[in-house]
C-alpha cells in the first residue's frame with residue numbers, strides 16, 4: 001500500500017521553469033457503495049445500515065454547518081463553512097448581496113502527534129510513496145554522482 005506519484009517538469013514562466021516535481025497519481029475512485037461493501041466485510045453491520053447512516057450523516061452535517069456550527073468527526077477531522085468576500089471602503093458600505101461572493105466548505109483533518117512531537121494528519125500517518133510506472137519520462141540511471 002503506497003501513494004503513487006509521477007514526476008513532471010514545470011512549464012510555468014518563473015524561476016522554477018524546467019524543474020522537476022512529483023504529483024500524486026489517483027488510480028480510480030471509491031464510491032460510498034464501495035466503502036459500504038468493504039465496511040460490511042470488516043464488521044458486523046450490514047451494507048444497508050452503513051448506507052443509511054452515511055446518508056443521514058450528510059443531512060445532519062449540512063443542517064449543522066448551515067447553523068454556523070463546526071462538525072467534528074472524531075478520528076476523522078473537522079468541517080466548517082467559510083465565506084468568500086470582497087472588501088468595502090467602510091463598514092456601513094458592506095452588504096451581503098454586494099460583498100459576499102460565495103460559501104465554501106473547509107476541512108481540517110485530525111492530527112496525530114508522533115514520537116518526535118511532530119503533528120501529522122491522521123490520514124497520512126504511516127503513508128509511503130511509490131513511483132507509478134510506466135510513464136513517458138526518461139530518467140538517468142542512478143549512479144553515485146547523481147544520487
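Numbering (the UniProt record's numbering), first residue to last: 1 to 147.
Positions of the beta carbon are idealized from the N, C-alpha and C atoms, including for glycine.
Local Cβ density within 10 Å of residue 52, reported as buried at 16 or more and exposed below that: With a 10 Å radius around the Cβ and a threshold of 16 neighbouring Cβ atoms, residue 52 comes out exposed.
Excluding sequence positions up to five away, which residues of its chain have a Cβ less than 7 angstroms from the Cβ of residue 40? Once the five neighbours on either side are set aside, the close Cβ partners of residue 40 are 46, 47 and 50.
Is the distance from the Cβ of residue 76 to the Cβ of residue 65 below 8 angstroms? With respect to residue 65, residue 76 sits apart: the two C-beta atoms are not nearer than 8 angstroms.
Using a threshold of 8 angstroms, state whether the C-beta atoms of residue 104 and residue 126 are closer than that. It is not a contact, given that the beta carbons lie outside the stated cut-off.
Just confirm the distance between the C-beta atoms of residue 132 and residue 11, as a whole number of angstroms; I'd bet it's less than 8 angstroms. 20 angstroms between Cβ atoms; not a contact.
Residue 131 by DSSP, collapsed to three states: which one? Looking at residue 131 - three-state DSSP - the assignment turns out to be strand.
Alpha carbon to alpha carbon, how far is residue 92 from residue 117? Give it in angstroms, no decimals. Going by the C-alpha atoms only, they are around 46 angstroms apart.
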